[in-house]
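Which chain is which? The protein sequence lines are A and B, in order. Final position of the first sequence in my numbering is 1112; the numbers increase by one with none missing. Final position of the second sequence in my numbering is 327; the numbers increase by one with none missing.
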Amino acid sequence: MKTGIKWLKGLVVSGIVLGLVVSFNIPAYAKNVIKLGCAMSFTGKKSRTGKLYVDSLKLATAAINKAGGIKVAGKAYAIKIVFYDDKSDAAESAKLIEKLIVEDKVNFLLGPYSSGVTIPDSLVAQRYKIPMVEGGGASGKIFSRKNPYIFGTLPSAGQYFGTTLSMLTGFKPKPKSIAIIFGDDKFDLSVAKGAKKNAEKLGLKVVLYEKISESSADFNTILTKVKSLAPDALLMAGHTEGGINLVQQAKELNVNLKMISLTVGPSEADFRKSLGKNAEYIFGVASWSPQMNFKGIIFKSTKDFVAKFKAKYNYDPDYHNASAVAEIAVLKNAIEKAGTLNPEKVRNAIAKTNIETIYGPVRFNPNGQIKGSSVVLQIQGGQVYQVYPKGTKKPIYPMPAWKTR
Amino acid sequence: MAQKGTVTKGLFLGILIIIGIALPFFSGNFIIRFVTNALMFAVLASAWNIIGGYTGYASFGNVVFLGIGAYVSAVLMEKGGVPFWVGFPASGVGAAIFAILIGLPVLRLKGHYFAIATLGVAEAMKALVDNLEITEGNSGIYLPVMDLSVKSQYIFFYFMMLGVLVLTLVVTYIFLKKKLGYGLIAIREDEEAANSLGVNTTLFKITSFALSGFFSGLAGSLYAYQQGFIKPESVFDVGVTVKMIVMAVFGGIGSILGPLLGALSIEIISEILTNYFLVAHTLFFGAIVIFAIVFTPKGIMDIISGRKKFGISYLLQNIRDHRV
């Protein structure tokens, strides 16, 4: 008798285990819905940034559905995003992408946040040949394996100074040499590497290419070197604090260059406040900022998006938010262009994307990454303006010498 | 009585094995991947059980073996061009050698000091791999893609992981019946007494640590190959160590099948909660773990082994025994 009970107990436990494993069912949705799958960092280390994507994705899909959805071959489809929490973990995320494809049968995939999670996810998408549009990973690694099913809306770090350099070579007289300095993190290193490659391709001589320690806050040695080499422009990939110190000390040492450009800093109010008048004419780059003005297909313009976003979520959107809107815009456009939900045809339509969004124009390189759309900023009269390509103001080049200001 | 217990255990094990073998042929790719993942944690928790459960050395850095296993395979296959069949055992051996080297100094420490030291070792390895050229630093490294259909790939990984798990459990079982097993338990109960009785404690502890490393390393190799891409922050994540310890405790430490049951049930509970609660799942999950530890500190194994009758009195007895 007792053995029977024990036996039964064992059977019940195994039964429950088996039952739970097999019963992960998801109810079927009504017809005329396009399902997008997204495993995002709702919890875990990256949940703060993950939320930015979720907020934007929800706002964008709500806007599309309100305006009548997506038209596919004359029929209107509503969009629904199936969200899962990947706990900011790569293995969890890849598993969930599997679930989205196999169990939820989503039509298309949206990316997670951060490059390390995006790559395993993109490999699952590739196995099933379902296109994934991601706006949360910028690493060149994502696109280095020529996976045809992954498209990214964040420009690569290597292209960050691309627009700055092409603006620079357009000036007369044509600059001949530049100096590149960079901070000690991986992102800065990729920016610098890419800038060097780009500059050499454009026929500029890189007279100085050096890693700096931003924490030391002392730029005297490097600036003395720069002064003796006298390049036309100095590009720095670093952070706001370092940028402030660099500009301050360049003035003190009277290092006169035709151009100083920084990756981070010029677009921030703090930078201008700390440097005051010395911030004038400093160049910067950004992939997106809420002050920009682009026309869009989901929202009328950047301004319209920023206003609606702030009204709903009560914080200022940043480039993560805008990049998420671009993801949805890319998919909407591609589905409409393809006129079908066939993954292969939509993939081909995504590859041919050429649209204006509130995030800026979106076109993809053959490897799937967005064509570098970073813009050049310059501080003029205490304000930041976009000066290239097609800015509200013209770039002021060369910068006036410190003594003559 | 004892024989009846063995029959129950045998039946239970039999059912588990049948489910284990039949599962991939009756379920979709997601379930296979999900179970493969759960099996990986079962391997990790069982491997942790060797050093943490039987030997009584609570390692908080066991994830380092997963990481080393993953990176040994990744570097050998991607940079060295060797096939998986070479990379896979190399991962286990690599992790075991690392365990021996690191065990020599670290296993001299006891209690909290050992826990902190192992935690430090794992973090240090992460920092190292983050900055090495050959591992492609913190941007991560790809592995070659397997040339099989999706379904066959998943069945392959499933059975490989199942194989590693069975190997882990069988090897643990055999060792427990030998001098090594008794020695380890003696070390757990009283290391100095064991030493004075002639147990070579250093050798036994290092063997136990190396075994733990070996199986975790094999799991790491499979993990890396299935993921196709790894990064230091994901394979040296201290959260993974915490997870394997929670699983081992949940299932019942110091028993062979405990960590396996712990891993399966925790993965299933966590999956169901995540499915229904997008963000609040962590809260519910935490609550379940707390209740489990308070009411059933000896784990699931203690309940289903049938030594005591399960009921309210069992739960209350546990609280009394452990003075919560």
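From the three backbone atoms N, C-alpha and C, an ideal C-beta is built for every residue, glycine too.
Of all residues in the stretch 804-820 of chain A, those with a C-beta nearer than 7 Å to a C-beta of chain B are Glu805, Lys806, Val809, Glu810, reading in chain order. When Cβ-Cβ separations below 8 Å define contact, glycine 231 of chain B makes contact with chain A.
Per DSSP, reduced to three states, the secondary structure at isoleucine 233 of chain B is strand. For tyrosine 916 of chain A, the beta-bridge partners assigned by DSSP are A:Ile887. Nearest CB-CB separation between lysine 82 of chain B and chain A: not below the 8 Å threshold. Within its own chain, the residues whose Cβ lies closer than 8 Å to the Cβ of threonine 171 of chain B, once the five positions on either side in sequence are excluded, are Val46, Ser49, Ala50, Phe218, listed in chain order. In terms of beta-carbon proximity, glycine 823 of chain A lines the interface with chain B, with at least one pair separated by less than 8 Å. When beta bridges are read from the DSSP output, aspartate 792 of chain A appears opposite A:Met747. Proximity of chain A to glycine 314 of chain B at the Cβ level (cut-off 7 Å) is not reached, the minimal Cβ distance being about 12 Å. Here the C-alpha atom of isoleucine 777 of chain A lies approximately 7 Å from the C-alpha atom of isoleucine 771 of chain A. The alpha-carbon separation between threonine 285 of chain B and glutamate 270 of chain B amounts to approximately 13 Å. With three or more CB-CB distances shorter than 8 Å, the stretch 59-78 of chain B counts as touching the stretch 232-239 of chain B. Boundaries of the beta strand (DSSP E) harbouring tyrosine 1095 of chain A: 1090-1095, taken from the DSSP string. Around the beta carbon of isoleucine 967 of chain A, 16 or more other beta carbons sit within 10 angstroms, so the residue counts as buried. At a Cβ-Cβ threshold of 8 Å, phenylalanine 63 of chain B and threonine 244 of chain B count as neighbours.
Following the DSSP letters along the chain, one finds glutamine 156 of chain B inside the alpha helix (DSSP H) bounded by residues 153-180.
At a cut-off of 8 Å, the C-beta of glycine 143 of chain B has a neighbouring C-beta in chain A.
Ranked by Cα distance from lysine 958 of chain A, the options A:Leu936, A:Arg979, A:Ala986 are led by A:Ala986. Histidine 325 of chain B counts as exposed, since fewer than 16 other C-beta atoms from the protein chains shown sit within 10 angstroms of its C-beta. Scanning its chain for C-beta atoms nearer than 6 Å, with the 5 sequence neighbours on each side dropped, one finds around glutamate 841 of chain A the residues Gly818, Thr825, Gly859, in chain order. Checking the DSSP bridge columns, you'll see glycine 859 of chain A partnered with A:Glu841, A:Gln1076. Contact of lysine 742 of chain A with chain B is not assigned, every C-beta pair being separated by 8 Å or more.
Leucine 909 of chain A has a beta carbon lying at 8 Å or more from every beta carbon in chain B.
The beta carbons of tyrosine 1095 of chain A and proline 1102 of chain A sit about 6 Å from each other, so the pair counts as a contact at 8 Å.
With fewer than 16 other beta carbons inside 10 angstroms of its own, alanine 196 of chain B counts as exposed.
Between the stretch 940-951 of chain A and the stretch 878-894 of chain A, the count of Cβ pairs shorter than 8 Å is three or higher; the stretches touch. DSSP places serine 968 of chain A inside the beta strand (DSSP E), whose first and last residues are 966-969. By the criterion of a C-beta distance shorter than 8 Å, serine 273 of chain B is surrounded in its chain by His284, Phe288, once the five residues flanking it on both sides are discounted. Taking C-beta atoms as the reference points, tyrosine 1020 of chain A and serine 994 of chain A fail to come closer than 8 Å. In the DSSP assignment, phenylalanine 815 of chain A falls within the unbroken beta strand (DSSP E) covering 815-817. Within 7 Å of the CB of lysine 848 of chain A, the CB atoms of chain B belong to Ser142, Gly143, in sequence order along the chain.
Nearest to phenylalanine 894 of chain A by C-alpha distance, out of A:Gln866, A:Asn854, A:Ala1014, A:Tyr916, is A:Gln866. If you draw a straight line from the Cα of glycine 1088 of chain A to the Cα of tyrosine 988 of chain A, it comes to about 9 Å. Taking C-alpha positions only, isoleucine 804 of chain A is separated from phenylalanine 101 of chain B by approximately 34 Å. Take the alpha-carbon of asparagine 963 of chain A and the one of isoleucine 929 of chain A: they are about 14 Å apart. As for any beta strand (DSSP E) of minimum length 3 sitting wholly inside the stretch 917-994 of chain A, the runs are 940-944, 966-969, 990-993, ordered along the chain.
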